[in-house]
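As they're listed, the protein sequences go chains A and B. Residues are numbered in the working numbering as their position in the first sequence, beginning at 1, plus a constant of 179. Residues are numbered in the working numbering as their position in the second sequence, beginning at 1, plus a constant of 2.
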Amino acid sequence: MMFRTLFDRDTWQEIFGSIQKNKLRTLITVIGVLWGIFIYITLSGASKGLDNGFERQFEDVAINSLFVWAQRTSIPYDGFRTGRNMQLKLDDQRYLMQRVPQLQYVAPRIARGVFGGNGSSVKRDGKSGAYAVYGDFPILVKIASKDIFDGGRFINQADIDNQRKVCVIGERTQTELFEKDEDPIGDYIQIDDMYFQVIGVHKFSGGGGFENDSDIFIPFTTFKKLYNTGDHVDWFAMAAYDSADVVAVEKDIKVALKVKHRVHPDDERAFGTFNLGEVFNRVKGFSSGMNILSLVVGIATILAGVIGIGNILLISVRERTKELGIRRALGATPSEVRMQIIIESVFLTLVAGILGIILGAFVLAIINVMTADSSSFPYTNPTVPIKYILGALGLMVGLGTLIGLIPAQRAVSIKPIDALREE
Amino acid sequence: MIEIKDIQKSYAMGQNTLHVLKGINFDVAEGEMVAIMGSSGSGKSTLLNILGMLDVADSGSYILDKNPIKNLDETKAAIYRNKFLGFVFQSFNLISYKTALENVMLPLYYQKVARKERQERAQKFLDQVGLGPWATHHPNELSGGQKQRVAIARALVSEPKVLLADEPTGALDSKTSYELMDVLQKINDKGITLLIVTHEEDIANMCKRIVHLRDGVMVEDKKVKQVRASSYVE
C-alpha cells in the first residue's frame with residue numbers, strides 16, 4: 180500500500196498541489212531544515228579540513244617523535260653540586276637504544292646558529308651570509324623527512340665515514356648564494372672558510388619546529404672536525420615505534436639519561452624534552468573533539484529544522500481541516516489522509532536536506548579554493564564522508580516521518596463532519 | 003433505496019444532552035427527489051449527516067441499497083461514501099487550489115481510477131452541468147452558481163446511488179437557485195435518488211416529496227406535484 184502510494188504519480192500531484200498552495204510558508208519551512216543540514220555539512224567538512232590540515236602539518240615528521248637536550252642540574256647528587264652543565268654524548272645514542280626498546284630511531288644532532296649564537300659565515304663568489312649549520316646523520320630522515328629537489332641527495336653513510344665536506348643547502352640559501360640559472364649541485368660554497376661541495380637542495384616544509392628554508396646540513400663527523408666539538412651532541416631527535424606510548428617513552432628516556440649522567444632521580448631540570456607525539460595526540464584529540472562538536476551541533480540544528488517542519492505541518496493541517504474533511508467526505512480513508520501528510524513531511528525534509536547538502540558542498544568548495552594557497556593555515560581538502568551524508572539524510576527521513584505522524588494523526592482525529600462544519 | 007428505522011441521535015452539551023433525532027422512520031425509493039424541511043435545530047442536517055455516514059446514529063437501523071450500514075469505522079465509512087453517495091454542501095466545499103476539473107476528479111482518485119480515465123469522466127460530468135469550458139478555472143474564478151455546479155459534478159462523478167444536498171441553494175440568489183434546481187431535476191430525471199435539505203418553500207416544491215421535521219420528529223411526509231425549475235429559467 181505504501182509503495183504503491185509512493186510511486187503513484189497522483190500522490191505526488193496531490194502533494195505538490197498542497198505544497199504549492201502556500202509557497203512562502205513552504206519556502207520558509209524548507210529553509211529551516213536546509214539551514215540545519217547546511218550547518219552540519221559545513222561544520223563537519225570544516226573540521227575534516229582542519230583534520231587534514233593538521234595531518235599535512237605533521238606529514239614531514241614522524242608522528243611519535245621526541246627530542247631531548249641537556250640543561251643544568253637543579254639538585255646536588257653523587258658529589259656533584261647543583262647547577263652542573265649537562266652534556267649529551269654520542270655514545271648516549273647506543274645507550275638509549277638499548278635502555279628504551281620502544282625507540283625505533285635515535286639521531287644525534289648538533290648545530291650552530293640555531294639556539295642563540297650566530298650561524299656560520301657562508302661565502303660564495305663574493306656573496307655571503309650567516310646560516311644555521313647542522314651536523315647530521317642519514318638516519319635523521321627517518322624521523323623528520325627531508326624533501327630534496329631532483330638531482331640532489333641527503334647525507335649518506337659514506338659521507339659520515341669519510342668525513343666528507345659535502346652539504347645540503349636550503350631553497351633560500353640557493354637563491355641568495357647562486358644565480359637563478361645556476362645549478363648548485365656539484366658546486367662549492369665556503370662554510371667558515373672551508374670548501375663544501377653542494378650535494379642537494381632541500382625543500383622547505385611548513386611542518387613546525389625551528390628549521391627553516393636556509394638551513395645547511397653537513398655530515399655529523401665533518402661538523403665535529405670543523406668545529407672541534409668532540410663527542411658532543413646538542414640534542415637527539417628520536418622516533419618511537421607506532422605502537423609505543425610516547426609519554427612513557429619520554430619518561431624512560433629521562434630516567435635512562437639520569438642514570439648514565441649521574442643525575443638525581445628527581446631532578447626534572449637536567450634534561451629537557453619535547454614530545455611531538457604528545458602534542459600530535461592533543462591536536463588529534465582537538466580535531467576529534469571538533470568532529471563530535473560538529474556532529475552534535477549538526478544533528479541539533481537538523482532536529483530543530485525538522486521540528487519546524489512538524490510545526491508548520493501542524494498549522495497547515497489546521498488550516499486545511501476543511502479541505503481534509505472534504506477529501507474524507509469524498510471517500511479518502513484515514514490512512515490515505517495520514518499517508519499524504521507524512522509523505523509531505525518527508526518530502527519537504529528531504530528536498531530541504533538535499534538542497535542543504537548541495538549548498539554546504541558549494542561553501543566547502545569555496546573555502547577550499549580560498550585556503551588552497553595558504554600553507555600556514557592548517558586547512559586542507561574539507562570533505563564530508565558519504566556515509567555521514569547518507570546518515571544525515573536517513574536521519575532526516577526518520578525524523579520527518581516521526582514529526583509528520585503528529586500532524587497526520589491530528590488530521591484524522593477530526594471527524595469529517597466537524598471538519599466540514601468549521602467555517 | 004434508503005430504509006431507516008427509529009433513528010435516534012443526541013449530543014452531549016456539557017451536563018445536558020440534546021436530543022436531536024427522536025426516532026425517525028423513513029423510506030426512500032429509487033429515483034425519488036425528497037426535500038427535507040424544517041426550521042433550524044429541527045434535526046434535518048443531522049439526519050442528512052447520518053444518511054451520509056458523516057455521523058453515526060445512537061440507535062436505529064439504516065439500510066442503503068440493501069446494505070445494512072452499521073458498525074462503521076472511519077475507513078469503511080469512507081469507502082461507502084465514495085461508492086454510494088455524492089455530497090453537495092451549502093458552502094460548495096471545493097478545494098481552492100485545484101481547478102474545476104481537478105475538483106471533479108478527486109472522488110475518482112480515491113477510487114483508484116487511472117488518471118486518464120478520471121480526466122475523461124470528470125470532463126463528461128462537467129459538460130453535463132454546463133461547465134465544460136470552465137474546466138481549467140480555479141474556484142475563485144467561478145460564480146457561486148458555477149461553483150455549486152462543479153460541486154454537483156463532483157458528487158455525480160463517482161456515479162453514486164444517492165445524492166445528498168445540504169442547503170445547496172442556501173448561498174445563491176433565487177435566479178441562480180432555480181438554474182441549479184434545474185440541473186438537479188435533470189439529474190433526478192436520469193434516475194438518481196436525491197435528498198435535499200432546504201428551508202425554502204419554493205425549492206422544496208421543486209422536489210417530488212417533502213418531509214417536514216420539527217424538534218427531532220417527522221411531522222409531515224407528503225408527495226407534491228413537482229414544479230419544474232426550467233419554467234423559471236430564461
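Ideal Cβ placement from N, Cα and C applies to all residues, glycine included. Values in this document were obtained by computation on a predicted structure and should not be read as measured data.
Closest by C-alpha distance to residue i, when choosing among the options
i	options	result
Val219 of chain B	B:Met35, B:Tyr13, B:Ile38 and B:Ser44	B:Ser44
Asp239 of chain A	A:Asp362, A:Ser324 and A:Gln277	A:Ser324
Phe459 of chain A	A:Ser244, A:Ser197, A:Gly196 and A:Trp214	A:Ser244
Gly54 of chain B	B:Val199, B:Lys224, B:Arg230 and B:Ser232	B:Val199
Met373 of chain A	A:Thr408, A:Lys344 and A:Tyr274	A:Lys344
Phe217 of chain A	A:Ala508, A:Leu275, A:Met549 and A:Leu543	A:Leu543
Asp204 of chain B	B:Asp217, B:Val221, B:Val226 and B:Arg216	B:Val226
Lys200 of chain A	A:Arg303, A:Asn341, A:Ala241 and A:Val496	A:Val496
Pro317 of chain A	A:Ile339, A:Gly298 and A:Arg204	A:Ile339
Gln369 of chain A	A:Phe399, A:Met549 and A:Tyr310	A:Tyr310
Glu34 of chain B	B:Ile4, B:Met183 and B:Tyr82	B:Ile4
Gly330 of chain A	A:Val301, A:Ala551 and A:Val380	A:Val380
Ile212 of chain B	B:Gly40, B:Ala59, B:Leu128 and B:Arg151	B:Gly40
Glu447 of chain A	A:Ser223, A:Trp191 and A:Val247	A:Val247
Lys404 of chain A	A:Ala479, A:Gly314, A:Ile348 and A:Ala449	A:Gly314
Straight-line gap, residue i to residue j (C-alpha atoms, nearest Å)
i	j	result
Asn105 of chain B	Ser98 of chain B	9 angstroms
Asp187 of chain A	Asn84 of chain B	20 angstroms
Asp413 of chain A	Ile254 of chain A	22 angstroms
Asp189 of chain A	Gly211 of chain A	27 angstroms
Phe526 of chain A	Thr562 of chain A	26 angstroms
Gly272 of chain B	Thr580 of chain A	Here chain B has residues from 3 to 236 only, and residue 272 of chain B is not among them.
Arg278 of chain A	Leu534 of chain A	60 angstroms
Leu165 of chain B	Ile38 of chain B	13 angstroms
Ile522 of chain A	Ser176 of chain B	44 angstroms
Ile220 of chain A	Gly539 of chain A	5 angstroms
Ile565 of chain A	Leu74 of chain B	50 angstroms
Lys11 of chain B	Leu23 of chain B	5 angstroms
Lys118 of chain B	Gln125 of chain B	11 angstroms
Arg332 of chain A	Ile397 of chain A	12 angstroms
Val425 of chain A	Leu206 of chain A	54 angstroms
Leu503 of chain A	Leu574 of chain A	29 angstroms
Leu482 of chain A	Gly577 of chain A	11 angstroms
Ser233 of chain B	Lys192 of chain B	19 angstroms
Val377 of chain A	Ile395 of chain A	10 angstroms
Ala286 of chain A	Asp270 of chain A	11 angstroms
Phe259 of chain A	Val442 of chain A	9 angstroms
Classification of residue i by the beta-carbon crowding that lies within 10 angstroms, buried from 16 upward
i	result
Gly387 of chain A	With a pLDDT of 47 at Gly387 of chain A, under the threshold of 50, the predicted position of this residue should be treated as unreliable, though the coordinate-derived value follows. Result: exposed.
Phe328 of chain A	exposed
Ala571 of chain A	buried
Tyr180 of chain B	buried
Val235 of chain B	exposed
Arg288 of chain A	buried
Gly464 of chain A	exposed
Asn18 of chain B	exposed
Ala531 of chain A	buried
Gly365 of chain A	exposed
Ile471 of chain A	exposed
Asp597 of chain A	exposed
Phe605 of chain A	Nothing can be reported for residue 605 of chain A: it is not among the residues displayed for chain A, which extend from 180 to 602.
Leu275 of chain A	buried
Heavy atom of the ligand FMN within 7 angstroms of residue i beta-carbon
i	result
Phe195 of chain A	As presented, the structure is devoid of all ligands, the ligand FMN included, so that no description of it is given.
Under 8 angstroms from the C-beta of residue i: neighbouring residues of chain A
i	result
Tyr234 of chain B	Within chain A, no residue comes near Tyr234 of chain B; the closest Cβ sits about 30 angstroms away, beyond 8 angstroms.
Leu56 of chain B	Ala508, Lys594, Pro595, Ile596 and Leu599
Gln113 of chain B	Gly510
Cross-chain neighbours of residue i in chain A, by beta carbon under 9 angstroms
i	result
Arg83 of chain B	Arg507, Ala508, Leu509, Gly510 and Pro595
Phe91 of chain B	Ile505, Ala508 and Leu599
7 angstroms Cβ cut-off: residues of chain B touching residue i
i	result
Ile200 of chain A	Sequence check: residue 200 of chain A is Lys here, not Ile. Near Lys200 of chain A (Cβ distances below 7 angstroms), the residues of chain B are Tyr99.
Glu523 of chain A	Neighbours of Glu523 of chain A on chain B: none; closest Cβ ~14 angstroms, over 7 angstroms.
Beta-carbon neighbours of residue i, restricted to chain B and to distances below 9 angstroms
i	result
Arg188 of chain A	Arg117
Glu498 of chain A	None at all; the shortest Cβ gap to chain B is about 11 angstroms.
Contact list for residue i against chain B, beta-carbon separation under 8 angstroms
i	result
Pro513 of chain A	Glu76, Thr77 and Ala80
Where residue i meets chain A, residues with beta-carbon distance less than 7 angstroms
i	result
Leu174 of chain B	Within 7 angstroms Cβ-Cβ: nothing; Leu174 of chain B doesn't reach chain A, min ~17 angstroms.
Any contact of the region 96-115 of chain B with the region 138-158 of chain B, i.e. 3+ C-beta pairs under 8 angstroms? yes
Are there three or more Cβ pairs, one per stretch, closer than 8 angstroms when the region 89-100 of chain B is compared with the region 482-492 of chain A? no
Does the count of Cβ pairs from the region 358-372 of chain A and the region 413-426 of chain A closer than 8 angstroms reach three? no
Taking three-plus beta-carbon pairs below 8 angstroms as touching, is the region 505-520 of chain A in contact with the region 589-599 of chain A? yes
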